[in-house]
Amino acid sequence: MKDLLSLTEEQLKNLLADMGEKPYAARQLMSWLKKGVPFDDMTNLSKGLREKLRRDHTEGYAKINEKRVSTDGTEKYLLAISGGGLVECVLMRYHHGDTLCVSTQVGCRMGCVFCASGKHGLVRSLSAGEMRSEFIAVNKDGNVSNVVLMGSGEPLDNYDNAVSFIRALNVQHDIGMRHISLSTCGIVPGILKLADEGMQITLCISLHSAIDEKRKKVMPVAAAYSVRQILDAANIYFKKTGRRIIIEYTLIKDFNDGSEDILTLKDALHGLNCHINVIPLNRASGGYMPPAAKQAHAFAEKLVQAGKSATVRRSLGSDIEGACGQLKLKREEP
Ligand code: SAH
129 MKDLLSLTEE QLKNLLADMG EKPYAARQLM SWLKKGVPFD DMTNLSKGLR
179 EKLRRDHTEG YAKINEKRVS TDGTEKYLLA ISGGGLVECV LMRYHHGDTL
229 CVSTQVGCRM GCVFCASGKH GLVRSLSAGE MRSEFIAVNK DGNVSNVVLM
279 GSGEPLDNYD NAVSFIRALN VQHDIGMRHI SLSTCGIVPG ILKLADEGMQ
329 ITLCISLHSA IDEKRKKVMP VAAAYSVRQI LDAANIYFKK TGRRIIIEYT
379 LIKDFNDGSE DILTLKDALH GLNCHINVIP LNRASGGYMP PAAKQAHAFA
429 EKLVQAGKSA TVRRSLGSDI EGACGQLKLK REEP
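Numbering (my numbering), first residue to last: 129 to 462.
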């Protein structure tokens, strides 16, 4: 069975043309799919066509397995996706519109020590349609204006599907490229390839330290690509797209929060048009501890004093296991 949500407009049109249907039937089908409507309720498509579609295809929708709503309005969803497996996605309410954080893989093989998503390794990559199904399941009221590929999984380890998903968001769901962000742990060939896609999405780099030896302790991928290689690739991305780079810096107590860390970070980022998002580690793990409440702000302030653009990312949904694979992990390891 193939999922219809993975098909581009073009592919959907061809599929229906092969079934002897007129182009308007493809447009009708597309608009139902966007709304998450099941075959049975696609009332303006003939019964015959619906039967034909059902033979080899599913719609590709996700089912909501669990939904939690935080006191701050953040909604966290555990979704059963069409090809099997559970993924999380998070809807965050900001004054500029709703932002949806989608997962790109079931599990993750990057193995960052502090991250819950990769704790059991990679199960599989999601298809573009399965990523779309997260958006469709959660965006029932149509308020989502921003999408970040920042849930579980490494998007550049699932490159083609991630890019197809981004194009579908843009073309089929009217999300502006500038309202889409992709976060990577720093896979250099993927960053360079992305720079040539002609998409003006925001690139976020999970740096967490500008010191290679330190980075290697918490991120196995650091053994493959140095900080210099990653930031050079980010600079190429900026030059080709004009989009300012976001540097993500998960702050870990007594690990990457010292004055040497600030100094190396400042030097490493010299000449790169970027903003630094300081993210307090959200739970103790593997001997790594979250910083004290005020420390993240003090760290960001020091970066600002050093001439950098830096803020602390507002933490949302901490009362509902809002962060990074925690709800799924809780379900699997109660
Ligand atoms: N694989 C991609 C996207 C998913 S992780 C990436 O590495 O960027 C999204 C962000 O959450 C990354 O910056 C990641 O390092 C961060 N993160 C993961 N676990 C965290 C935790 N326990 N506390 C704070 N940030 C965390």
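By construction, the Cβ of each residue, glycine as well, lies at the ideal position given by its N, Cα and C atoms.
Computed from a predicted model, the values in this text were never measured in an experiment.
Within the same chain, and ignoring the five residues on either side of H301 in sequence, the residues whose Cβ sits closer than 7 Å to its Cβ are K162, F263. Annotated as proximal: V349 and G314, with beta-carbon spacing under 8 Å. The C-alpha of E137 lies about 23 Å from the C-alpha of L310. Under the DSSP assignment, G445 falls outside any alpha helix (DSSP H); it carries neither an H nor an E label. Your pair E258 and V291 does not check out as a contact, with CB atoms roughly 15 Å apart and the cut at 8 Å. Contact between S134 and A256 holds: CB atoms are separated by about 5 Å, below the 8 Å threshold. Between I375 and I333 the beta-carbon gap is near 6 Å, inside 8 Å, which marks them as a contact. Checking the 7 Å criterion, the Cβ of E282 is within range of a heavy atom belonging to the ligand SAH. The nearest non-hydrogen atom of the ligand SAH is 7 Å or more from the C-beta of T227.
With a threshold of 7 Å, the Cβ atom of M220 does not count as near the ligand SAH, since no heavy atom of the ligand is closer than that. The beta-carbon separation of N271 and H307, rounded to 13 Å, does not stay under the 8 Å limit for a contact. Checking the 7 Å criterion, the Cβ of I407 is within range of a heavy atom belonging to the ligand SAH.
Contact between the region 359-374 and the region 205-223 is absent: fewer than three C-beta pairs spanning the two stretches fall below 8 Å.
When distances are taken from the beta-carbon of M278 to the heavy atoms of the ligand SAH, the shortest one is below 7 Å. Close CB contacts of F383 within its chain, under the 7 Å cut and outside five residues either way in sequence, are with Y416 (chain order). For M129 and T232, the gap between their C-alpha atoms comes out near 21 Å. Counting only the Cα atoms, A421 lies some 17 Å from L431.
If one requires a minimum length of 3 residues, the beta strand (DSSP E) runs lying completely within the region 288-312 are 308-312, in chain order. Here DSSP, grouped into helix, strand and coil, assigns Q233 to strand. Annotated three-state conformation of K321 is helix, per DSSP.
With a cutoff of 7 Å, R252 does not count as near the ligand SAH, since its C-beta is closer than that to no heavy atom of the ligand. Rounded to the nearest angstrom, the gap between the Cα atoms of V230 and G281 is 9 Å. In the three-state scheme derived from DSSP, where H, G and I count as helix and E and B as strand, G225 is classed as strand.
Contact between A351 and K344 is confirmed by a C-beta separation of about 6 Å, below the 8 Å threshold. Counting only residues of its own chain and dropping the five nearest sequence neighbours on each side, L181 has a CB closer than 7 Å to the CB of F167. For the 8 Å CB-CB criterion, L250 and R237 form a contact. Note that the region 366-375 touches the region 401-419; at least 3 beta-carbon pairs, one per stretch, sit closer than 8 Å. Comparing C-alpha distances from S159 to each of E203, M147, A412, N172 shows the shortest one belongs to N172. Remark: C-beta atoms of A154 and L132 do not approach each other more closely than 8 Å.
With a minimum length of 4 residues, the unbroken runs of alpha helix (DSSP H) contained wholly in the region 348-415 fall at 355-369, 387-396. Only residues of its own chain outside the window of five on either side were considered, and among them A361, I364 have a CB closer than 7 Å to the CB of L320, listed in chain order.
By a beta-carbon distance limit of 8 Å, G445 contacts K204. Their separation comes to about 6 Å. When C-alpha distances from D226 are compared across D200, V215, A244, the shortest belongs to D200. With contacts defined by Cβ atoms closer than 8 Å, A426 and A438 do not form a contacting pair. Here the distance from the Cβ of N410 to the nearest heavy atom of the ligand SAH is below 7 Å.
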